[in-house]
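Trainee: Here it is, the structure, as structure tokens.
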Amino acid sequence: QSALTQPPSASGSPGQSVTISCTGTSSDVGGYNYVSWYQQHPGKAPKLMIYEVTKRPSGVPDRFSGSKSGNTASLTVSGLQVEDEADYYCSSYAGNKQVFGGGTKLTVL
Amino acid sequence: EVQLVESGGGLVQPGGSLRLSCAASGFTVSSNYMSWVRQAPGKGLEWVSIIYSGGGAYYADSVKGRFTISRDNSKNTLYLQVNSLKTEDTAVYYCARGYGSGWAWNPWGQGTLVTVSS
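In order, the protein sequence lines correspond to chains A and B. With the numbering used here as the guide, the letters of the first sequence map in order to residues 20 to 128. With the numbering used here as the guide, the letters of the second sequence map in order to residues 200 to 317.
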């Protein structure tokens with residue numbers, strides 16, 4: 020059982036928006052502004068999409084955005100594209116350790 | 200270009216050991232914080248260990264006392280010594296560079312597969 024809770028699946032049509040949630044506790048998500056999101060295509064290494072809750076690394080489209088409220092963080096993908104279909108994982112610093120969510124499979128219909 | 204290349208994985212019997220390597224290019228390992236993250240077949244990501252530029256290190260409870268993270272500054276390479284392996288340690292092991300100040304990882308290597316089986 021993962022420390023952070025994500026929905027196992029999410030879906031949307033091209034052009035639509037989808038939001039993936041990531042629920043933790045006050046010891047991880049709620050306690051620090053150190054939530055990250057990763058995209059992983061099948062057979063590939065994860066790719067950082069969002070760090071420190073809301074920041075995007077250079078090269079990540081601004082269609083990807085992050086937010087947090089209390090113990091729940093969220094990743095929103097706007098203007099869905101076919102290439103966004105992948106697994107998405109959240110993670111949070113938790114005091115000299117890190118916890119990940121179980122992952123959400125995003126399907127672009 | 201910043202790049203990480205892992206090696207050293209393989210098939211090992213329970214109780215065995217391996218040393219995983221992560222060769223870096225395009226940046227200096229010793230000036231960054233670095234991590235190992237693993238992914239069991241068909242499963243999610245699990246953080247394993249971190250080493251700070253100052254040398255301090257932390258481990259997941261599941262590997263504490265069995266795994267040791269280190270680096271060779273002359274070779275610009277990160278290592279993970281994995282001992283007393285268990286079947287549940289079977290996974291692809293990724294190394295990654297710290298990004299920002301909050302334990303985000305970017306980029307990641309391609310991973311090396313460790314299979315623990317008799």
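Ideal Cβ placement from N, Cα and C applies to all residues, glycine included.
So A54/A is in the beta strand (DSSP E); what residue range does that whole segment cover?
Mentor: Position 35 of the first sequence, counted from the start, is the residue given in the question as residue 54/A. In the sequence on display, residue 54/A carries Val and not Ala. Start and end: 54 to 59.
Trainee: How about Y112/A and W56/A: are their beta carbons less than 9 Å apart?
Mentor: On the first sequence, residue 112/A is found 93 positions in, with the first residue counted as 1. On the first sequence, residue 56/A is found 37 positions in, with the first residue counted as 1. No, the Cβ-Cβ distance between Y112/A and W56/A is not below 9 Å.
Trainee: What does a CB cutoff of less than 8 Å around N52/A pick up in its chain, not counting 5 residues either side in sequence?
Mentor: Along the first sequence, one-based indexing puts residue 52/A at 33. If we look at N52/A and ignore the five residues flanking it on each side, its Cβ neighbours are E71, V72, K87.
Trainee: Below 9 Å between beta carbons: does that hold for G209/B and A64/A?
Mentor: Against the second sequence, residue 209/B aligns to sequence position 10. Against the first sequence, residue 64/A aligns to sequence position 45. Going by C-beta atoms, G209/B is not nearer than 9 Å to A64/A.
Trainee: In this structure, what does DSSP give as the bridge partners for D271/B?
Mentor: In the second sequence, residue 271/B corresponds to position 72, counting from 1. Paired residues: T276/B.
Trainee: Q321/B bridges to which residues according to DSSP?
Mentor: Chain B is shown only over 200 to 317; residue 321/B falls outside these bounds and no answer can be derived.
Trainee: Nearest by alpha-carbon distance to G49/A: which of N115/A, T95/A, T91/A, S32/A is it?
Mentor: For the purposes of this step, residue 49/A is taken as residue 30 along the first sequence, with counting starting at 1. Per the Cα distances, T91/A.
Trainee: Hey, P33/A and A105/A: beta-carbon distance below 9 Å or not?
Mentor: Here residue 33/A refers to the residue found at position 14 when the first sequence is read from its first residue. Here residue 105/A refers to the residue found at position 86 when the first sequence is read from its first residue. No, the Cβ-Cβ distance between P33/A and A105/A is not below 9 Å.
Trainee: Using the beta-carbon of each residue, which ones in chain A are nearer than 7 Å to W302/B?
Mentor: Here the question's residue 302/B lines up with position 103 in the second sequence. Residues of chain A passing the Cβ test: Y53, Y112, Q117.
Trainee: Cβ of A105/A less than 9 Å from any chain B Cβ?
Mentor: Position 86 of the first sequence, counting from 1, holds the residue named residue 105/A. Chain B contact via Cβ: absent.
Trainee: Can you tell me which of the three DSSP states T286/B falls into?
Mentor: Counted from its first residue, the second sequence places residue 286/B at position 87. DSSP places T286/B in helix when its eight states are reduced to three.
Trainee: So L284/B and A223/B are supposed to be a Cβ contact under 8 Å. How far apart are they, rounded?
Mentor: On the second sequence, residue 284/B is found 85 positions in, with the first residue counted as 1. On the second sequence, residue 223/B is found 24 positions in, with the first residue counted as 1. With a Cβ gap of about 25 Å, L284/B and A223/B do not count as contacting.
Trainee: Taking 9 Å as the cut-off, decide whether the C-beta atoms of K66/A and N231/B are in contact.
Mentor: The residue you call residue 66/A lines up with position 47 of the first sequence. The residue you call residue 231/B lines up with position 32 of the second sequence. In this structure, N231/B does not lie closer than 9 Å to K66/A by Cβ.
Trainee: Among M233/B, N282/B, F266/B, T311/B, which residue has its Cα nearest to the Cα of S300/B?
Mentor: Working through the second sequence from its first residue, we reach residue 300/B at position 101. Closest by alpha carbon: M233/B.
Trainee: Give me the Cα-Cα distance between S229/B and N275/B, rounded to the nearest whole angstrom.
Mentor: As a working mapping, residue 229/B is identified with position 30 in the second sequence. As a working mapping, residue 275/B is identified with position 76 in the second sequence. Roughly 7 Å separates the two Cα atoms.
Trainee: Can you find a C-beta in chain A that's less than 9 Å from the C-beta of Y293/B?
Mentor: On the second sequence, position 94 is the one that residue 293/B refers to. Interface residue, yes.
Trainee: Kindly list, in the order they appear in chain A, the residues whose Cβ is closer than 7 Å to that of N231/B.
Mentor: Counted from its first residue, the second sequence places residue 231/B at position 32. Under the 7 Å cutoff, chain A gives no residues; its nearest Cβ is about 14 Å from N231/B.
Trainee: Can you tell me which residues form a DSSP beta bridge with M233/B?
Mentor: As a working mapping, residue 233/B is identified with position 34 in the second sequence. Beta-bridge pairing links M233/B to I250/B, R296/B.
Trainee: Would you kindly report the start and end of the unbroken beta strand (DSSP E) that includes S88/A?
Mentor: Counted from its first residue, the first sequence places residue 88/A at position 69. Start and end: 83 to 88.
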